[in-house]
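Q: The structure is given below, and queries will be raised subsequently.
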Amino acid sequence: MSVVSAATVVRGSRRTQVKWAVSDAAAMTWRNLLKYVRLPQLLVFSTVQPVMFVLLFTYVFGGAIGGVQGKYIDYLLPGIFIQATIFGSAQTGVGLADDLSRGMIDRFRSLPMARSAVLAGRTLSDTCRNVFVVLLMTGVGTLIGFRFHVGFFASIAAMGIAVLFGLTFSWISALIGMSVRDPEVAQSAGFIWIFPLIFASSAFVPLQSMPGWLQSFARVNPITYTVDAIRALSEGGSTFSPFWHSLAWMGGLLAVFIPLSVARYRRVT
Numbered sequence: 034m035s036v037v038s039a040a041t042v043v044r045g046s047r048r049t050q051v052k053w054a055v056s057d058a059a060a061m062t063w064r065n066l067l068k069y070v071r072l073p074q075l076l077v078f079s080t081v082q083p084v085m086f087v088l089l090f091t092y093v094f095g096g097a098i099g100g101v102q103g104k105y106i107d108y109l110l111p112g113i114f115i116q117a118t119i120f121g122s123a124q125t126g127v128g129l130a131d132d133l134s135r136g137m138i139d140r141f142r143s144l145p146m147a148r149s150a151v152l153a154g155r156t157l158s159d160t161c162r163n164v165f166v167v168l169l170m171t172g173v174g175t176l177i178g179f180r181f182h183v184g185f186f187a188s189i190a191a192m193g194i195a196v197l198f199g200l201t202f203s204w205i206s207a208l209i210g211m212s213v214r215d216p217e218v219a220q221s222a223g224f225i226w227i228f229p230l231i232f233a234s235s236a237f238v239p240l241q242s243m244p245g246w247l248q249s250f251a252r253v254n255p256i257t258y259t260v261d262a263i264r265a266l267s268e269g270g271s272t273f274s275p276f277w278h279s280l281a282w283m284g285g286l287l288a289v290f291i292p293l294s295v296a297r298y299r300r301v302t
């Protein structure tokens, strides 16, 4: 066999492996999404919480929060986007821990499927759910006065950043879920570090309203950069600094937690 023909076979084999991995990941994604069809209460409960936050913060706390120009709902909803997608990403770890505890992942390993399919399918299915949640939050916000003031493409970009941020945190959650291996522990471990990050950011209140020591942390919080980028895309303003800082954070977190999650998956299965 000539060198050229050998290289062609290798490239063809790699293309076949990629198609195989993509097909398996799509099958696992569909398998996870079917749970919401069979158990619609899972989707209901995952969407009720962000709706409640929108209504409570708008009507209960909105009048007491100062330092916000314009309507508070316009300021609030970008923060709700991020809160909803991060909370949704916590379910990635819960789902993986549940599959591990019930022996499902061991069964998947016995099938002729790509090793990457389980992790990719879980994170992608939770990302699909986050797309639905963000669209729902946009609809609820619109009903009570929220508006995108910049334009259609900017609004799509704003929602896309929120979904991408949720995907980033899904990989962190995946590592947690595979480390604890118990669904209840995974749920607690997934939320205990999320709450300080969300509330110590610009998600719900201006940074100027916080104590000085907390402002120092909030200004470098990745949630602050991402919320500010979404807010600039929805209300208008300079997106350069928060947008690129947010992308840098997401790229760095993915570069760290995807390899860690894959390595952990290989050890626990």
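Each residue of the sequence shown is one higher than the last, beginning at 34 in our numbering. Quick reminder that beta carbons are idealized off the backbone N, C-alpha and C, glycines included.
Given a threshold of 16 other Cβ atoms within 10 Å of its Cβ, counted over all protein chains shown, does residue 13 qualify as buried or as exposed?
A: Because the chain is modelled from 34 through 302, residue 13 falls outside the range shown and cannot be assessed.
Q: Of the choices 64, 206, 188, 205, whose alpha-carbon is the least far from that of residue 158?
A: 64
Q: Taking the beta carbon of residue 259 as the centre, do at least 16 other beta carbons fall within 10 Å, making it buried, or is it exposed?
A: Its Cβ being crowded by 16 or more others within 10 Å, residue 259 is buried.
Q: Check whether the segment 60-76 and the segment 219-237 touch, using three or more Cβ-Cβ pairs below 8 Å as the test.
A: no
Q: Please report the Cβ distance between residue 116 and residue 141, rounded to the nearest whole angstrom; I am assuming they are in contact, meaning their Cβ atoms lie under 8 Å.
A: In fact, because the Cβ distance is near 32 Å, the residues do not count as touching under 8 Å.
Q: Is the Cβ-Cβ distance between residue 152 and residue 297 less than 7 Å?
A: For residue 152 and residue 297, no; Cβs fall outside 7 Å.
Q: Would you kindly work out how many angstroms separate the C-alpha atoms of residue 282 and residue 261, rounded to a whole number?
A: 14 Å
Q: Taking 7 Å as the limit between beta carbons, can you name the residues of its chain near residue 95, skipping five residues before and five after?
A: So the qualifying residues of the chain are 105.
Q: Run through DSSP, which three-state label would residue 120 get?
A: Three-state DSSP puts residue 120 in a helix.
Q: Leaving out five residues on either side along the sequence, give the residues of the same chain with a beta carbon under 8 Å from the beta carbon of residue 251.
A: 233, 234, 235, 240, 243, 257
Q: Quick check for students: name the residue ranges of the alpha helix (DSSP H) that lie wholly in the segment 126-162, counting only runs of 4 or more.
A: 137-142
Q: My understanding is that residue 91 touches residue 166, with C-beta atoms under 8 Å, so please give their C-beta distance in whole angstroms.
A: In fact, because the Cβ distance is near 17 Å, the residues do not count as touching under 8 Å.
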